[in-house]
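In the numbering used here, the protein residues as written are 25 to 243. Ideal placement from N, C-alpha and C gives every residue a C-beta, glycine not left out.
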């Protein structure tokens with residue numbers, strides 16, 4: 025009976041291991057639809073224009089407040105600046121993904137197998153970004169032990185002392201969910217090592233995801 029029990033335990037461990045490996049290597053459901061090269065170029069240009077709008081607003085005397093949204097609606101009010109909100113831009117996930125794709129892929133619109141986010145960063149072969157409510161989701165295809173593996177991370181984007189900050193709420197390797205409590209310490213350590221890359225532009229005072237958009241506010 026003792027031998028049979030040990031055999032069952034070993035078989036169960038083997039089965040769990042096999043299932044875990046399959047889930048890790050399995051491609052998860054995409055968090056966003058792929059964009060065409062033309063869409064990437066157009067969305068990246070839109071992202072750049074909105075950042076320029078915010079930078080210009082920060083240079084102007086605060087005689088009025090305005091908001092620049094993804095729908096390109098802009099309003100101005102010449103009343104007292106103390107009663108007006110700070111300028112802000114609303115950027116959708118397609119624009120963010122396109123800008124990131126061009127930045128990482130050297131403007132090609134597509135990521136190559138050799139694309140790298142910097143010293144010590146993993147190779148990124150593909151990526152997707154989406155916003156839902158106040159949550160940002162990123163999905164990245166990287167290489168682990170010579171195998172292509174999808175990493176999916178969700179969480180809240182905030183800002184602190186002029187730097188972007190991220191608090192994860194979900195983490196998956198392939199189609200396998202990993203407890204956030206296990207991953208977060210290593211993730212925060214890595215973010216701390218890359219802190220210079222998280223510095224916000226001088227004209228950006230606050231950043232957050234709200235109502236399915238990335239909202240950046242003037243400093």
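Helix, strand or coil: how does DSSP classify residue 228 here?
strand
Measuring straight from C-alpha to C-alpha, what distance separates residue 159 and residue 227?
24 Å
Coil, strand or helix - residue 233 by DSSP:
strand
Quick check on DSSP: helix, strand or coil for residue 118?
helix
Could you name the residues of the same chain whose beta carbon sits closer than 6 Å to that of residue 191, not counting the 5 residues immediately before and after it, in chain order?
179 and 180
Please classify residue 42: does DSSP put it in a helix, a strand, or coil?
helix
Considering only residues of the same chain and omitting the five flanking positions on each side of residue 195, which have a CB-CB separation below 6 Å?
177, 202, 204 and 207, listed in sequence order.
Would the stretch 111–123 count as touching the stretch 76–85 if we require 3 or more Cβ pairs under 8 Å?
yes
Judging by CA-CA distance, which residue of 58, 174, 66 and 238 is the nearest neighbour of residue 49?
174
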